[in-house]
Structure formats: C-alpha cells, structure tokens
Amino acid sequence: MADPPLRALNLPAALRLDIGLPSSVDLLHQHDLDNYLFPLVSHLGSNRFASAWATKATGPTSSIPIEAAKGVRPDGMGLMYRVVTHGSAEKAAWKREIRDQIAAAEPLRDGAVERQLAFAVGASRNWANLWKAAIDSLDPILGRERPDREWNPRDGRVTRLGLHREVKPALGYDVEIAIAARALGPAT
C-alpha cells in the first residue's frame, strides 16, 4: 500500500532514486542501476510512473524523491538511436532486434556513462518488464563485460539512468525505444 502522499500525487509520476555507496565501492563496476529501480517501481506500481531515474555516487545516504512527471527530451545527449521491437521481451529474439538495430554503434569511451531509454508502449504493456532485456541488448554502445557472453553489457558503468514511458495504444505489443547515451567525467 502506498503512503498517502504517493496516492495523492498527480499521475503520472516521476521517481528518482539517488544511491549513496561507500567509498570502497567501484562505481563503474556492478551495482547496476536498473537492478535497484526495478523492484522499487514494481512494488509501487509501474504504471504510476512516466519516468524513473537512478543515480549512484559515493556518499552516506540514499533518497527517493517522487513528484509529478514533466516532459523530457533527450536532445543534446549525444548518441541517439530509435529502435522498434515486436513480440515478447522474454525471448532472445527481442534482444537481438534491439542489438541488430544499433549494431553500427561505436562504443562509448571508458568511464562513467549517462543513459536514457524512452519506451513507447501499448496500453497493456508493463514497461518495467522491458527494462532488463532492453539494457542487456546495449553492448554495442557500452561494450561487453566478457567478449564471449551475449547479453552482458558493461552497464555497471552507468552512473545516471533515465527510463521513460509513453503510452501509444496503437502499438499493441510492439515497442518503440529511443536510446540516448553519453560518456561522463570520472565517477565520484
């Protein structure tokens, strides 16, 4: 059950999870932001949110502000791709559709990365269930942790993640994804 302030919030909402990690943690390895966001957004109800953000940095505290969503445009973010997928995100073919459409991408330089994915989905799609499969397909942009393993991008180096949802009923089970990413300075 959501607490009263969340129930009273105008929907759709935007959530931002700012994660403070100990200085002993390598911010560019593991601690994938989608793994923190997914259970939180799922618990609160993914369809309440048009936007979910996460950041990670060295620090003693974490916070979760939630507010009314505002329109966002990833213009000026640098690398930008638009892909269309069909069918079930639980199948490897769905991931291949994304990867094949961005195969010509030049990987971002080593270091911290900001990444945004904007999902346009049909009314019955649970957009949060698409995150992991879509992110796993981004090794042409992020590089791979191990060259011999598919669906294993270097997404631990993402220190700022934005995930956005727009409902387009005409899409049915097709999904349109806009992907923007840019290299940042050193992780802090």
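When we follow the numbering used here, the leftmost residue of the sequence shown carries the number 1, and every step to the right adds one. For each residue, glycine too, the CB sits at the ideal point set by N, CA and C.
Cross-strand partners of G111 (DSSP beta bridge): Position 111 of the sequence shown, counted from the first residue, corresponds to residue 111. In DSSP, G111 forms no bridge with anything.
P147, buried or exposed, once every other Cβ within 10 Å from all chains shown has been counted against 16: Position 147 of the sequence shown, counted from the start, is the residue given in the question as residue 147. When all chains shown are included, P147 counts as exposed.
CB contact flag (D26, H86, <7 Å): By 1-based counting over the sequence shown, the position of residue 26 is 26. By 1-based counting over the sequence shown, the position of residue 86 is 86. No; because the gap between Cβ atoms is not below 7 Å, this pair is not in contact.
Buried or exposed (CB count within 10 angstroms, at least 16 for buried), E114: Indexing the sequence shown from 1 puts residue 114 at position 114. When all chains shown are included, E114 counts as buried.
Short Cβ contact (7 Å threshold) for D32 with D155: Reading the sequence shown from its first residue, position 32 is the one you call residue 32. Reading the sequence shown from its first residue, position 155 is the one you call residue 155. D32 is a Cβ neighbour of D155, given a cutoff of 7 Å.
Candidates R109, P39 and R96: closest to G185 by CA position: Translated into the one-based positions of the sequence shown, residue 185 becomes position 185. The residue with the shortest Cα to Cα distance from G185 is R109.
E166 (DSSP reduced to helix, strand or coil): For the purposes of this step, residue 166 is taken as residue 166 along the sequence shown, with counting starting at 1. Strand, per DSSP.
Those residues which DSSP pairs with S42 across a bridge: As a first step, residue 42 must be located in the sequence shown, where it is residue number 42. In the DSSP assignment, no residue is bridged to S42.
Cα-Cα separation, A52 to A104: The residue given as residue 52 occupies position 52 in the sequence shown. The residue given as residue 104 occupies position 104 in the sequence shown. Each residue's Cα considered, the two are about 28 Å apart.
Proximity to G59 [Cα-Cα], best of S23, R82 and S42: In the sequence shown, counting from the first residue as 1, residue 59 sits at position 59. Comparing C-alpha distances from G59 to each of S23, R82 and S42 shows the shortest one belongs to S23.
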